[in-house]
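Have a look at the structure below, then the notes.
Number of protein chains: 2
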Amino acid sequence: MTQYVYFFGGGKADGNKDMKDLLGGKGSGLAEMTNAGLPVPPGFTVSTAACNLFVERGGSLRPEIDREISQALDRLEKLMGKKLGAAEDPLLVSVRSGAKFSMPGMMDTILNLGLNDQSVEGLKKKTGNGRFARDSYRRFIQMYGNVVLGIDKDAFEHELSAVKAKQRARADVDLGEKALEEVIERYKTVVKKQAGHDFPQDPREQLRGARDAVFKSWMNPRAVTYRKLNDIPHDLGTAVNVQAMVFGNMGDTSATGVGFTRNPSTGAKEFYGEFLQNAQGEDVVAGIRTPHPIADLEKVMPEAYRQLREITTRLERHYKDVQDFEFTIQENKLYMLQTRNGKRTGLAAVHIAVDLVDEGILKPQEAVAKVEPASLDQLLHPIFDPRERAKAEVAARGLPASPGAATGAVVFTAEDAVDWSQKGKRVVLVRMETVPDDIHGMSVAQGILTATGGMTSHAAVVGRQMGKPSVVGCGALEIDSRGKRLRVGAHSLKEGDAISIDGSTGEVVLKEMPTSPSEVLQVVSGKKKPEESALYRKFERLLGWADEVRRLGIRANADIPRDAKVAFAFGARGIGLCRTEHMFFAEDRLPHVVKMILSAARGQRGLDVTRRLEGRLREARGDQAAEVRKELARHKKEYGRAMADYQGALKKLLPMQRSDFAGLFREMHGHPVTIRTLDPPLHEFLPKREDLMVQLATLRAKGESKNKAAIARLSGLLRAVEELHEFNPMLGHRGCRLGITYPEITRMQARAIFEAAVQVAKKGIPVKPEVMIPLVGHVEELKRQKKIVQEVAAEVLGNSKKSRAARAAGFTSDASAGGVLRGGHGAVSPPTQEVEYKVGTMIEVPRGALTADDIAREAEFFSFGTNDLTQMGFGLSRDDAGKFLNYYLEHGLLDKDPFVSLDASGVGQLVEIGVKKGRQTSSGLKIGICGEHGGDPASIRFFHGAGLDYVSCSPYRVPIARLAAAQAQLEKPVGD
Amino acid sequence: MTQYVYFFGGGKADGNKDMKDLLGGKGSGLAEMTNAGLPVPPGFTVSTAACNLFVERGGSLRPEIDREISQALDRLEKLMGKKLGAAEDPLLVSVRSGAKFSMPGMMDTILNLGLNDQSVEGLKKKTGNGRFARDSYRRFIQMYGNVVLGIDKDAFEHELSAVKAKQRARADVDLGEKALEEVIERYKTVVKKQAGHDFPQDPREQLRGARDAVFKSWMNPRAVTYRKLNDIPHDLGTAVNVQAMVFGNMGDTSATGVGFTRNPSTGAKEFYGEFLQNAQGEDVVAGIRTPHPIADLEKVMPEAYRQLREITTRLERHYKDVQDFEFTIQENKLYMLQTRNGKRTGLAAVHIAVDLVDEGILKPQEAVAKVEPASLDQLLHPIFDPRERAKAEVAARGLPASPGAATGAVVFTAEDAVDWSQKGKRVVLVRMETVPDDIHGMSVAQGILTATGGMTSHAAVVGRQMGKPSVVGCGALEIDSRGKRLRVGAHSLKEGDAISIDGSTGEVVLKEMPTSPSEVLQVVSGKKKPEESALYRKFERLLGWADEVRRLGIRANADIPRDAKVAFAFGARGIGLCRTEHMFFAEDRLPHVVKMILSAARGQRGLDVTRRLEGRLREARGDQAAEVRKELARHKKEYGRAMADYQGALKKLLPMQRSDFAGLFREMHGHPVTIRTLDPPLHEFLPKREDLMVQLATLRAKGESKNKAAIARLSGLLRAVEELHEFNPMLGHRGCRLGITYPEITRMQARAIFEAAVQVAKKGIPVKPEVMIPLVGHVEELKRQKKIVQEVAAEVLGNSKKSRAARAAGFTSDASAGGVLRGGHGAVSPPTQEVEYKVGTMIEVPRGALTADDIAREAEFFSFGTNDLTQMGFGLSRDDAGKFLNYYLEHGLLDKDPFVSLDASGVGQLVEIGVKKGRQTSSGLKIGICGEHGGDPASIRFFHGAGLDYVSCSPYRVPIARLAAAQAQLEKPVGD
């Protein structure tokens, strides 16, 4: 028979610390402490399995579990020599929830359970303190009434205030035993009225009620939300801990307190906590009395203090981690009520992990395993002053898209952001949603705040890319961009008003808040020396240990040299994705890009027409033929002009791209740089279709004749934009499809890459370009694009002067790069080759993954584009999913946002198929991933298991990725 | 050593009729005829393998193949006792291409090869006919110059005309030997000038040139296009046939002709063909002399005629098919030059197949295998009068999207189409592209012509659905909808001008053309009785035989009762897809749909706000709380109003949907009717965002104050539309995602389905509703939608009066339906259940296929939505792909349009995975397909092999699907 109830007490327990799944963190801790001979009040734990049954059965338990609980209670009464509800020396118990992971939002604690009209007298007799007994009883009724019976707290507060007023008492403690008796009567009336029945006098009924309330609280919305945010599965369930009460409020020889073995905010090695004499545990937390620093306990109860220090030090060594403990001293006797690994800030986590190694408590690998990778993020971004933050009112909450604190003046357009910041103002850019056009504004803003969009919307992706604090999808904002006004609930802001956002929490505060910079970032950016920062040195030691463990290579997604530099400083060894098009939006380039697109489209059109005319000419005779010939000549001329414009624009772009690429090569110091050829649909670079339509309509309404020239110009532009318009651009003319229909663009980009490579190699810096063809769904696409790249490579590398410097430089060997000399590089034969390069592909179309065996015949590497793979595999447009994805997450249809954490069971199959088939064809094929998931710890664990060679993430996620990759290897070692 | 050259002659041949792959159709036919002892001029065939080598090597042959050819030529010379190029009785040969499948666009024939300045004299001497010899020589130079040397025909025509003018000759035949000598000299000058070298005198060099020209023609654009259109792989290659010439022009005892053993247009059993006395083969085809009906041959050469009839009759029995033959009679001796299975019209195919069975030549199953399924299409649509058609000039050509001929007045909008047709005019609707709004216009038009879009664009899909002739993607059209004008090349048309389109060929003719209706359709629609149509009876017999063979069930995609009726008449047994939303566009419904959407969105917004306010209320105190409470009350009221509107609109739609569904149930006579819940994104039903923006801009420009009310109204509507706007609607808020976020819609639709079912069942007509949930990517989606459907089913079916009629009706048993009584139907227990139903899902998201094992836990059937599966699996938006997909097809990146014929090697894997995993969980799971591919024979072959239970296609494709399914089973039998 399954055991559902686990007893602890009398020096031994049914459970132990390894049973967190079944007993929860608290229950297994109590069992462990009991087994370790610590002074723990006895009791029992009802397991999480019972909770799951309760949820499944829609809110009831099986009778046999009820019986088991009853037996455990009998045993507890026997051990304590007391009886629940007895008129003499009654047993009182606490009832606490305790899941595997500590979790706010769930019912926490009910104290003093077992008090009723009869046992309250027993308690009075035993303690000789009538006021204490009555006060305990009225607190119990209030807590039980609220938590178990669902009665509004206000109803009780109302009665308490009434009695206080009547008694002219200022504080609760001013009420005497008599007055508290009245409070109890009034409370009982409240219960009867609101719950429709008397306050339960049967202690066993009280216990059943409390237990069910704990189970129910597992599914309450706040708990559900918390689990979602923290990736905790919904089917873990919570345990219920029933424990004999001890009293910290039995006079001045009693006390109660909470503490940490180290400072959880700073990580400093100091005994940290608070206590109150003559008080119950909830008083410490409630903030009614101000507790004393725990150091003061030594003065008032030196023996208990010594014992507490001794026990907690032992606990820290035992659990090999900071302990967060609760204790009560009843008449000079110390009881440990709880201990658990302490929650801590990212800062503290790094300090503590490294300190524990230095103290010989942890081995480096264990330290690596202890630190939550995501928490490192806190070290890399400015933060609000914690005291100011605590006082500030949060006006709205969005999604924490890119961490860090930002404060500044509200601006509503990218142009305004630039204007204001040129005047030396710090600004926060507030938009409905951002678009590629906004990049210049985003780059000067302190932070970005949007009303729509999810964790992988444009603002979120670019924000993370830039390391710029961003809060997105903040639905409470009502933005009036034209009027440059913003409403948040009852508040209204205009351009220039102060706002602050916290990209780590999603909070929005409507005032200026002081921020302090990240120490790590100051070192990385050269503003501080490593030796000036103990934190940075520990951070680097920890990540150094992680590097020794991990098998996955870590690269960064970086488009410009500045980002590449940061990424390298954070430990990225290689660029996994350079989006060449991001460079196209720069102000000095966009006009050439637009010209390139419009003339290419004109050329395409011309080509179509000439082909058609040529076809007609073949069938035409006599006069008709002459006419066709004339028309053909005209079109050929026009086509020639378009092609000349097109080539001209490409020629302008070539040196610009070349210099960007050269910068990337330099910053990567010989590590591979993966450059993706043009990916987005061309219309993204043109004015918006609907904007042109509106402009035209306005001009027309104002008078066709007056605005003839402008109308003609706009109409022409609109026609071109219309021609490129797509219903579903995500699935449209983009990726390699562009390079195939406009081979000249691929040719120009390849030339820029190889010319940059030669340029840098000549300076003695080794280079390793990897040209990556996007959106390949069919091997033929890759084959043709590869041919173009190889042709250009042969031209450029063949023509380049073979300077001695370049020859001498050589190339660092990169284990993750695998077979650099394998196949494919044959386009240029080794003796004449200065620059080693590869041509590979993104696997981001489901068909690409499914036919990876074919594609691997041509690809020298794969890089999974998990963003698009998720979009297509799941049929979800990232930009549109907000409308239902939030609903799905809130209603439990999905556990996690598949754009944040890879959908391992669905889209993950495509990754696994791609890896398996790719390596079937080419056993040593180098495979990476460069989607947003590359910086997500859970996804990194998946990629590690799937056998990838590297992950590539945004620069600011590199430390997280290094740590997560190490933890993945520790959890599930995979050989090289 | 591989043999590349196959000799035939002297009563035996190296090859035979089973070697079509290697020798091509013609070569294997010649070998077979030779082996059968028929009088075939001897020669040899260079195999397709040589062609493939030639293509691979970039245009050259291996020397050993050259040697083999040389040896074969020696053998031929020996057998004939003549020598190529000899001055006395020279051997002349013909050189012909011959692929496995006959194919226009490739080089066809070069005759008289071997003639040069010396052998022309030999020919003169041998035939005693100087004019004939010279004429043969000049024809050879002209043909060789054009085909092999690439010289423009005009250049030769020009010289011929000059000589004719000089001689005052009216026709070629008027030129004497002398004049022809001058023509020859002039021709040689043309060759020298244009080719840069003399006309080759060495016959073996001539042969090499001709052979290479044949090989090259394999890759010429017209041939490539033809193969693409006809699904012929590009790597088959063509053979080259070199054959001793015989002469039909050696006086009146000679003749040449072509013929068919039956009429290839009508299928009538008649000896059909033409001949010319004293002529060469090309004269028959060239149309310079009018050939005589073949029956006349009996009069002029009775013996040869008798022999020809005897031989061709034998050939027909031998090949078990109509023969298309060429013959030459040289001095009363009959030579068979070629025989092959004759191409025929769809009409003829049906007549011939059934006749051959009746004549005992074919078994019914063989007849089934003989008819090209796609050719049946011709029987189901009106056609142009063939004679008129031959004379008409084709002004433009688009994609043949929906077959049939249509003629009428040009109209440019759906409204105009309705107006004109109400006035009794036949119209052709011409649009850039059609949208759902155009449906009413499309339904009254004779045909639809669009400038953009591919084979699966809206116009194409709906056109096929309606059985309406459609030509799409006709890029040559320049449409000015505002001006109601159309330009096609040099022609200009205005509204009301006549136009004709042929949806079977894609041709557009700019005049009225008489059409005749489909006989089969007349019977199906009740306008003609079956006994009045021999064609219909044969059609039904053929399909009856197909039905006996096939394993796949055939259903139809039909949204309205009228379509269902047609589908049933064509043999569909069940509806595989009813798109409920198509009914929403009807004029009487759209207003309710719009109201439903706008109020639902308002309600959603209200719900969001109230939730946020409730959250704030929990944390608020005092005055603040009071304020929040007030706001909350206001929003709750507003929300309530929105929900009331929403429910009101749904209530209006319910009876409309119910009556549609009832009609479908009635028309399907107890066969399953699969109804898909609402699928498209809601914004499709609203005015277009950009239209509203333009209207608003116009009003604003004309004066804000004047147009206040209109601006306010439009702004409100635009806001609502903006909120529903999506960047990639294909991957957005649609399919089950709608039903999940708006469960009331699913509830209404389920209610309409079950109420309709009860209504029809009560009348004694059995019903089998299958509710299909679209776009399921995760089992949880299906689970929740299924729950709603089952709840409604329990309500409706529980409430319905159990009339005796309904009980008595019972249900027909349907083999393809599989386990009707298996699982899932448990929602309503059998005794109270009048209507058996299933709840299943579309598998159209890649993740759905990948997790089919999970989804099968909930699904009672699967139906593959291969359109979306292709869009997502391939990352191709159907509406946008035109821009590059055509390029891909033209440039050989893809063999076929994956929207027309399922991409078996890529997207097909998802189908196979889905079937395998689905049946892993639920072994008898019924699986169908309802994408456009359901009517494509090649795709049907794939689905058959993948183990599907049925295919569902548009009503007019049902006969094709029946036949294709039978052929699939004949090719690759799969047990039940």
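Respectively, the protein sequence lines represent chains Y and U. All letters in the first sequence, in the order written, are residues -19 to 956 by the working numbering. All letters in the second sequence, in the order written, are residues -19 to 956 by the working numbering. Where is the CB? At the ideal position from N, CA and C, for every residue including glycine.
Its chain contains Asp659, Pro754 and Leu755 as the residues whose beta carbon lies nearer than 7 Å to that of Gly715 of chain U, once the 5 sequence neighbours on both sides are disregarded; these appear in chain order. DSSP places Asn321 of chain Y in the uninterrupted beta strand (DSSP E) bounded by Lys313 to Asn321. Taking 8 Å as the threshold, the shortest C-beta distance from Gln851 of chain U to chain Y falls below it. For Asn96 of chain Y, there is no enclosing beta strand (DSSP E), since its DSSP letter is neither H nor E. Neighbourhood of Asp588 of chain Y in chain U, by CB distance below 7 Å: Gly455, in chain order. Contact annotation for Leu874 of chain Y against chain U: His758 and Glu760 [CB-CB distance below 9 Å, chain order]. The Cβ neighbour count for Pro953 of chain Y, taken over all protein chains shown within 10 Å, is under 16; the residue is labelled exposed. With the criterion set as a beta carbon lying under 7 Å from some beta carbon of chain Y, the members of the stretch 814 to 838 of chain U are Val825, Pro826, Arg827, Leu830 and Thr831, in sequence order. Look at Tyr867 of chain U here: in three-state DSSP terms it is helix. Shown here for Cys933 of chain U: same chain residues with a beta carbon closer than 6 Å to its own, the five before and five after excluded, namely Gly914, Gly915 and Ala941 in chain order.
One Cα belongs to Arg324 of chain U, the other to Arg242 of chain U, and the distance between them is close to 10 Å. By the rule that beta-carbons nearer than 8 Å mark a contact, His663 of chain U does not touch chain Y. Taking all protein chains shown into account, Arg148 of chain Y has fewer than 16 neighbouring C-beta atoms within 10 Å of its C-beta and is therefore exposed. Contact between the stretch 667 to 680 of chain Y and the stretch 830 to 844 of chain Y is absent: fewer than three C-beta pairs spanning the two stretches fall below 8 Å.
Counting only runs of 4 or more residues that sit fully inside the stretch 642 to 693 of chain Y, the alpha helix (DSSP H) segments are 669 to 681, in chain order. Assignment of Ile540 of chain Y by DSSP, reduced to helix, strand and coil, places it in the coil class. Taking every protein chain shown into account, the CB of Thr270 of chain Y has fewer than 16 other CB atoms within 10 angstroms, so this residue is exposed. Of U:Tyr(-14), U:Leu336 and U:His924, the smallest CA-CA separation from Lys300 of chain U is found for U:Leu336.
When Cβ-Cβ separations below 8 Å define contact, Ala677 of chain Y makes contact with chain U. Any Cβ of chain Y closer than 8 Å to the Cβ of Met648 of chain U would place that residue at the interface, and such an atom is absent. Considering only Y:Lys62, Y:Gly447, Y:Val424 and Y:Glu520, the residue with the shortest C-alpha distance to Leu103 of chain Y is Y:Lys62. The secondary-structure analysis by DSSP pairs Tyr252 of chain Y across a beta bridge with Y:Phe240. Shown here, Thr726 of chain U sits in a helix according to DSSP, grouped into three states. As computed with DSSP, Met822 of chain U is found in a beta bridge with U:Ser843.
Among the residues of chain U, none has a CB under 7 Å from the CB of Ile164 of chain Y; the nearest is roughly 25 Å distant.
For Gly23 of chain U, the uninterrupted beta strand (DSSP E) segment begins and ends at Gly23 to Val26. Going by C-alpha positions, Leu644 of chain Y is about 39 Å away from Ser885 of chain U. Taking a C-beta distance under 8 Å as the contact criterion, Ile479 of chain U and Val451 of chain U do not qualify as a contact pair. Residue nearest to Ala145 of chain U within the set U:Gln345, U:Glu162, U:Gly130 and U:Cys558 is U:Glu162 (criterion: CA-CA distance). By the Cβ criterion, the stretch -16 to 3 of chain Y is in contact with the stretch 23 to 38 of chain Y, since at least three pairs of Cβ atoms, one from each stretch, lie closer than 8 Å. Looking only at Y:Asp134, Y:Met316, Y:Asp182 and Y:Gly39, the smallest Cα-Cα distance to Ala16 of chain Y is reached by Y:Met316.
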